[in-house]
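**Q**
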Amino acid sequence: MSNVTTLPVEGATEAIHPGAVEARASGEPEWLAERRRHAWTIYESTPMPTTRLEEWRYTDLEEKLDLDVLHLGSTLARPDEPESFPGGLRSAMEEDREASGHLVLIDGAVVHTDIRPDLAEQGVILSSLRDAVAEHPDKVKQYLATVAVPPEEGKFAALNAALWSDGIFLYVPKNVRLDLPVRVTRWISEAGAAFFSRTLIVAEPHSQVSYVDEILSDDLDAQTFTSSAVEVITQDGAQVQYVAVQRLGRGAFYQSQQRTLAYRDSTLDTLNVNLGASVSRVDLNARLLGPGSNSDMLGLYFGDEDQHFDHNTSQDHVAPHANSDLLYKGALDGASRAVFRGVIRVHERAQQTDAYQTNRNLLLSEDARADSLPNLEIAADDVKCSHGATVGQLDEESLFYITSRGIPQERAERLVVMGFLGEVLARLPLGGVQEKVTRAIAAKLANHG
Amino acid sequence: MPENDVIEGLDLDTYKYDFQDEEAHVFRTRPGLDEEVVRQISTHKNEPEWMLDFRLKALKIYESKPMPKWGGDLSGLQDTLEEIYFYVRPQDKMEHSWDDVPEKIKETFEKLGIPEAEQKVLAGVGAQYESEMVYHSLKKEWDEKGVIFDSIEDGLKNHPELFRKYFGTVIPTADNKFSAMNSAVWSGGSFVYIPPGVELDTPLQAYFRVNQERMGQFERTLIIVGEGAKAHYIEGCTAPVYSTESFHSGVIEIVVEKNAHFRYTTIQNWSNNMYNLVTQRALVNEGATMEWLDGNLGSKLTMKYPSCYLVGEGAHGNILSIAYAGDGQHQDTGGKIIHAAPRTTSSIISKSISKGTGRSSYRGLLQVHDGATNAKSNVECDALLINETAKTDTYPYIEIDEKTASIGHEATVSKVGDEQLFYLMSRGMDEEEAMAMIVRGFIEPIAKLLPMEYAVELNRLIELEMEGSVG
Numbered sequence: 013m014s015n016v017t018t019l020p021v022e023g024a025t026e027a028i029h030p031g032a033v034e035a036r037a038s039g040e041p042e043w044l045a046e047r048r049r050h051a052w053t054i055y056e057s058t059p060m061p062t063t064r065l066e067e068w069r070y071t072d073l074e075e076k077l078d079l080d081v082l083h084l085g086s087t088l089a090r091p092d093e094p095e096s097f098p099g100g101l102r103s104a105m106e107e108d109r110e111a112s113g114h115l116v117l118i119d120g121a122v123v124h125t126d127i128r129p130d131l132a133e134q135g136v137i138l139s140s141l142r143d144a145v146a147e148h149p150d151k152v153k154q155y156l157a158t159v160a161v162p163p164e165e166g167k168f169a170a171l172n173a174a175l176w177s178d179g180i181f182l183y184v185p186k187n188v189r190l191d192l193p194v195r196v197t198r199w200i201s202e203a204g205a206a207f208f209s210r211t212l213i214v215a216e217p218h219s220q221v222s223y224v225d226e227i228l229s230d231d232l233d234a235q236t237f238t239s240s241a242v243e244v245i246t247q248d249g250a251q252v253q254y255v256a257v258q259r260l261g262r263g264a265f266y267q268s269q270q271r272t273l274a275y276r277d278s279t280l281d282t283l284n285v286n287l288g289a290s291v292s293r294v295d296l297n298a299r300l301l302g303p304g305s306n307s308d309m310l311g312l313y314f315g316d317e318d319q320h321f322d323h324n325t326s327q328d329h330v331a332p333h334a335n336s337d338l339l340y341k342g343a344l345d346g347a348s349r350a351v352f353r354g355v356i357r358v359h360e361r362a363q364q365t366d367a368y369q370t371n372r373n374l375l376l377s378e379d380a381r382a383d384s385l386p387n388l389e390i391a392a393d394d395v396k397c398s399h400g401a402t403v404g405q406l407d408e409e410s411l412f413y414i415t416s417r418g419i420p421q422e423r424a425e426r427l428v429v430m431g432f433l434g435e436v437l438a439r440l441p442l443g444g445v446q447e448k449v450t451r452a453i454a455a456k457l458a459n460h461g
Numbered sequence: 021m022p023e024n025d026v027i028e029g030l031d032l033d034t035y036k037y038d039f040q041d042e043e044a045h046v047f048r049t050r051p052g053l054d055e056e057v058v059r060q061i062s063t064h065k066n067e068p069e070w071m072l073d074f075r076l077k078a079l080k081i082y083e084s085k086p087m088p089k090w091g092g093d094l095s096g097l098q099d100t101l102e103e104i105y106f107y108v109r110p111q112d113k114m115e116h117s118w119d120d121v122p123e124k125i126k127e128t129f130e131k132l133g134i135p136e137a138e139q140k141v142l143a144g145v146g147a148q149y150e151s152e153m154v155y156h157s158l159k160k161e162w163d164e165k166g167v168i169f170d171s172i173e174d175g176l177k178n179h180p181e182l183f184r185k186y187f188g189t190v191i192p193t194a195d196n197k198f199s200a201m202n203s204a205v206w207s208g209g210s211f212v213y214i215p216p217g218v219e220l221d222t223p224l225q226a227y228f229r230v231n232q233e234r235m236g237q238f239e240r241t242l243i244i245v246g247e248g249a250k251a252h253y254i255e256g257c258t259a260p261v262y263s264t265e266s267f268h269s270g271v272i273e274i275v276v277e278k279n280a281h282f283r284y285t286t287i288q289n290w291s292n293n294m295y296n297l298v299t300q301r302a303l304v305n306e307g308a309t310m311e312w313l314d315g316n317l318g319s320k321l322t323m324k325y326p327s328c329y330l331v332g333e334g335a336h337g338n339i340l341s342i343a344y345a346g347d348g349q350h351q352d353t354g355g356k357i358i359h360a361a362p363r364t365t366s367s368i369i370s371k372s373i374s375k376g377t378g379r380s381s382y383r384g385l386l387q388v389h390d391g392a393t394n395a396k397s398n399v400e401c402d403a404l405l406i407n408e409t410a411k412t413d414t415y416p417y418i419e420i421d422e423k424t425a426s427i428g429h430e431a432t433v434s435k436v437g438d439e440q441l442f443y444l445m446s447r448g449m450d451e452e453e454a455m456a457m458i459v460r461g462f463i464e465p466i467a468k469l470l471p472m473e474y475a476v477e478l479n480r481l482i483e484l485e486m487e488g489s490v491g
């Protein structure tokens, strides 16, 4: 970022500047324009994270991200014609026929939305975030970049809140339960660009919904930045499953900042699958705000070549009598590297907390590397908390057992890896996800050996 | 002394070792730290030129390094550092026999129980009073074996080549701000050399004691364990309570040569106004074993992470850490293991107890370098919370750059279970006895590795601390 020194603000570039914020704000309601400007001022005053910060200790942005050369990605919506969609996008969507609704986002804009009519009648909203701002401001204004991922969260949260171009709004009214998942598919086609999107999910009391968001691209010949801010609000007694599958091509820098708010007696489970991109950084903060709330937090990653994954999770137990259970597992081949940094924070009044955190890594090659930092910060005494982390290679005994049954070594290795990672998927059996991710891992594993 | 005699009749509101002697120092520097103070220290110690240069260079590094922002709260420290005396010398000559030690100082030691201990198993006693060794004895046969157990100053004076070969090699001056500070102003501590093949059955012991308000203590210890040698070194600390904050920053360097076995035990019980910021590290060579047994009971804030650099094939490192954080205390402790050679193995076991407004943090680093094949390590951290205002944190760093490594880390946090208490109370114990028994059971895996007197003392301390913890 040598050019930045000539500009007054760290992270301000030819493309990323106040004029760009104003361009996004033009034609928007004043409250939103104000929020963008406010976010920009925070972006300006927040230094770019460096490895001196605990949260960025193992991901050096100076080396991994060059904002200067990025232009802002297109925000023009392509025509909603599935036959003209890129092949990779179409094949991903073909597996997702069973759904309560679909949404497709290509580059910076939503191009397609459908929702089952009976659900729409019951008041379920699945829409582009831009449309939702215009059509449902009463429902959006309260939550958008306020309680979940406000710009104050950090440099990237601020940048996203200032420059987001579109995103997803999913709203499920009280007592409405969706039997099939809502499926979102995103495609990135423009190399060298920066994209900013947001996801806002609000589940009213005692509603139920599962949401699967997949992002894909072909390999990109220039660094491409995708920033995503995810806000999930689960009100009393509601149940939400949030799944994000990242299968971007090489060249992509995937950055996702997620916060989930779980109120009284709600269930809010998340699964982050990261298989693609050159650099992948996920910040997930789960807040247990109501007594009786419960969060399962699952993560899975498989790296090869020089892929870099960084997961930064936190489990904030604010209310008493809540549970959270985190399991992140990854396998690393080639010269790939994974970082897991997780913290369980039990706040003073959060008695009767049960919180667990486990990170397990499998190193499949000499050049792979794993760093694990499972932290605990406990300020209440009547709690059950534990964490564990392991790093190791393939279990020799399992391999021996399988090969002694006549299965060749390479295939046996793949089986053991699949078994290792499969534990995560089995914890959140959601239509199609397990099969799809398993296939994607198998495809990557085919190169192992 | 039977255990049950101790508990009766002790006033728990006063610190057990809260007594102080009249100050009778001979020389001290003015408060604060600058080049002149460093020069004065060196002149007073009659040091060779290279040591003065070493100190002055360290001072520059110290001044250039920012105050750490992680770990404990050091915000009050800057003011403290401007007020303390960096060097105080209580008396001029070294004492080699107990009879020669001045009465006043003897009384202090008696309160600490040193003579009692000496009559039993103590083999060599190097007790540090303020900043210098004032009392020193070493068993005859060890002299014959060539074992050196000196004050650090005498080590420099009498064994200049050995000293210079190792001094500052395990912990470079620039390692951290406080190792730099210590390198500039160090005073007191031990110099130990165990010749190759020598095995010592009884531990070497040094008692440290700070006895002057606003006085920092910067002990520097250098231990060299020769090839195939075996020894155990025990350091215990206690300090009287004062109203203003005090400061202790030691540097302990240990070299464990090939196939040697060394254990370093610390029972730290500084008074609750002490900043205790210590750097201790061992270089562990081929086939050698290093064990740190680190007990942190006192101080206001301790930041201490004993470390093993496993640089030789098959080296083994072991860290056993026990921390107790009572009201107002923060124990930020743990350990570091660096696997830098093949087939190295290590284990860290940490047990912490937090009570009242106390906070104990485990901070650890486990690193396996590329090429350190078949390294194995296991880390276990257990935290016990005695009541609802107590806090505990766990911050392990695990950095693995080697496929064949096998690494595990586990941590749990729990409170004393109602069922456990109920069970013991139904057997006729009152609640405090039951609590003390549970806590003793919790730390037992570490306590059992201590020499008898220390284990007894640790249990006594735990019992004292547990009184008034329930209800």
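So the protein lines, in turn, are chains F and P.
For the first sequence, the residue numbers in my numbering are 13 to 461.
For the second sequence, the residue numbers in my numbering are 21 to 491.
Note that CB positions come from ideal geometry on N, CA and C, so glycine has one too.
None of the values given here were measured: they were computed from a predicted structure.
1) Which residue comes first and which comes last in the alpha helix (DSSP H) that contains Gln-60/P?
2) Is Arg-64/F buried or exposed, if buried means 16 or more other CB atoms sit within 10 Å of its CB?
3) What is the DSSP secondary structure of Thr-193/P, counted as helix, strand or coil?
4) Check whether the segment 234–244 of chain F touches the segment 203–221 of chain F, counting contact only when three or more Cβ pairs, one atom from each stretch, lie closer than 8 Å.
5) Say whether chain F places a C-beta atom closer than 7 Å to the C-beta of Glu-408/P.
6) Can you name, in chain order, every residue of its own chain whose Cβ lies under 6 Å from the Cβ of Asp-430/P, other than the five neighbours on each side?
7) Looking at the structure shown, is Ala-391/F part of a helix, part of a strand, or coil, going by DSSP?
8) Specify the secondary structure class of His-2/P as computed by DSSP and reduced to three states.
9) Could you tell me the boundaries of the beta strand (DSSP E) in which Ala-87/F lies?
10) Can you tell which of Met-105/F, Ala-157/F and Pro-98/F has the C-alpha that lies nearest to the C-alpha of Leu-44/F?
11) Since Glu-67/F and Pro-61/F should fall inside the 8 Å C-beta cutoff, what is the C-beta to C-beta distance between them, to a whole number of angstroms?
12) So what's Glu-136/P in DSSP terms, helix, strand or just coil?
13) At the level of alpha carbons, what is the spacing between Glu-408/F and Glu-67/P?
14) Please go through the same chain and pick out, in chain order, the residues whose beta-carbon is closer than 7 Å to the beta-carbon of Ala-391/F, but skip the five residues on each side of it.
15) Using 8 Å for Cβ pairs, my map puts Leu-141/F next to Asp-191/F. What's the rounded Cβ distance?
16) Tell me whether Leu-457/F is buried or exposed, calling it buried when 16 or more other Cβ atoms sit within 10 Å of its Cβ.
17) Does DSSP put Gln-5/F in a helix, in a strand, or in coil?
18) Compare the C-beta of His-323/F against all C-beta atoms of chain P and say whether one is closer than 7 Å.
19) CA-CA distance, Leu-142/P and Ala-343/P?
20) Are the beta-carbon atoms of Ile-17/P and Gly-355/P separated by less than 7 Å?
21) Thr-414/P CB to nearest chain F CB: under 7 Å?
22) Just list the alpha helix (DSSP H) runs in the segment 302–353 of chain F, keeping only unbroken ones of 4 residues or longer that don't cross its boundaries, in chain order.
23) Unbroken alpha helix (DSSP H) runs of length 4 or more, entirely within the segment 143–226 of chain F: which are they?
24) Do you know offhand how far Val-261/P's Cα is from Lys-65/P's?
25) At least one CB of chain P closer than 7 Å to the CB of Asp-383/F: is that the case?
26) How about Val-403/F: is its C-beta nearer than 7 Å to some C-beta of chain P?
27) For Ile-155/F, I'd like the list of residues in its chain whose CB is within less than 7 Å of its CB, leaving aside the five on either flank, ordered along the chain.
28) Check Thr-100/P in the structure and name its three-state DSSP category.
29) I believe Gly-253/F touches Leu-442/F by the beta-carbon criterion, under 8 Å. Please report the beta-carbon distance rounded to the nearest angstrom.
30) To which residues does DSSP link Thr-241/P through a beta bridge?
31) Could you name the residues of the same chain whose beta carbon sits closer than 8 Å to that of His-148/F, not counting the 5 residues immediately before and after it, in chain order?
32) Thr-424/P and Gln-405/F - do their beta-carbons sit closer together than 7 Å?
33) Quick one: list the residues of chain F neighbouring Ser-434/P, beta-carbon separation under 7 Å, in chain order.
34) Exposed or buried, which one is Trp-290/P when buried takes at least 16 other CB atoms within 10 Å?
35) Based on DSSP bridge pairs, tell me the residues matched to Met-323/P.
36) By DSSP, does Gln-269/F sit in helix, in strand, or in coil?
**A** Once the coordinates are examined:
1) Here the alpha helix (DSSP H) through Gln-60/P covers 55–64.
2) Under this definition Arg-64/F is an exposed residue.
3) Looking at Thr-193/P - three-state DSSP - the assignment turns out to be helix.
4) Contact between the segment 234–244 of chain F and the segment 203–221 of chain F is established, with three or more Cβ pairs separated by less than 8 Å.
5) At a cut-off of 7 Å between beta-carbon atoms, Glu-408/P makes contact with chain F.
6) In the sequence as presented, Asp is not what sits at residue 430/P; that position holds Glu. Hits under 6 Å: Glu-400.
7) Correct three-state label for Ala-391/F: coil.
8) The requested residue 2/P does not occur in the structure, where chain P is confined to residues 21 to 491.
9) Residue identity differs from the one stated: residue 87/F is Thr in this sequence, not Ala. From DSSP, Thr-87/F is part of no beta strand (DSSP E); its letter is neither H nor E.
10) Of Met-105/F, Ala-157/F and Pro-98/F, the smallest CA-CA separation from Leu-44/F is found for Ala-157/F.
11) Indeed they touch by this definition, with Cβ atoms about 7 Å apart.
12) Any reading at Glu-136/P needs caution, since the residue's pLDDT is 45, under 50, leaving its predicted position unreliable; the model's value is listed next. Assignment of Glu-136/P by DSSP, reduced to helix, strand and coil, places it in the helix class.
13) Taking the straight line joining both Cα atoms gives about 59 Å.
14) Apart from the 5 residues on each side of it in sequence, Ala-391/F sits with its Cβ closer than 7 Å to the Cβ of Val-358, His-359 and Glu-360 in its chain, given in chain order.
15) Contact flag wrong, Cβ pair sits at about 25 Å.
16) Counting every other CB atom within 10 Å of its CB across the protein chains shown gives Leu-457/F a total of 16 or more, marking it as buried.
17) This structure leaves residue 5/F out entirely; chain F is present only between 13 and 461.
18) False, the Cβ-Cβ gap to chain P never drops below 7 Å.
19) Since pLDDT at Leu-142/P reaches only 34, below the 50 mark, its modelled position is unreliable, and the value read off the structure follows with that caveat. When rounded, the distance between both Cα atoms is 25 Å.
20) Any property of residue 17/P remains undetermined from this structure, which presents chain P solely from 21 to 491.
21) Taking Cβ atoms only, chain F reaches closer than 7 Å to Thr-414/P, which makes this a yes.
22) Counting whole runs of 4 or more residues, the segment 302–353 of chain F contains no alpha helix (DSSP H) stretch at all.
23) DSSP runs (the alpha helix (DSSP H)) wholly in the segment 143–226 of chain F: 149–152 and 167–175.
24) Summary for Val-261/P: the model assigns pLDDT 45, below 50, so the residue's position carries little reliability; its value from the coordinates is reported in the next sentence. Straight-line Cα distance between these residues: approximately 29 Å.
25) Yes - at least one Cβ of chain P is within 7 Å of the one on Asp-383/F.
26) For Val-403/F, at least one C-beta of chain P is nearer than 7 Å to its own C-beta.
27) The sequence shown places Tyr at residue 155/F, not Ile. Taking Tyr-155/F as the centre and dropping the five residues before and after it, the same chain places the C-beta of Leu-212, Val-214, Glu-243 and Ile-245 closer than 7 Å to its C-beta, in chain order.
28) The answer is helix: DSSP assigns Thr-100/P an H, G or I state.
29) In the sequence on display, residue 253/F carries Gln and not Gly. About 6 Å separates the two Cβ atoms, so the contact holds.
30) According to DSSP, which records beta bridges pairwise, Thr-241/P is partnered with Ile-272/P.
31) By the criterion of a C-beta distance shorter than 8 Å, His-148/F is surrounded in its chain by Ile-137, Ser-139, Phe-181 and Tyr-183, once the five residues flanking it on both sides are discounted.
32) Yes. Within cutoff.
33) Within chain F, the residues near Ser-434/P are Lys-396.
34) Trp-290/P is buried by the Cβ-count criterion.
35) Its beta-bridge partners are Leu-297/P and Asp-352/P.
36) Note: Gln-269/F maps to strand in three-state DSSP.
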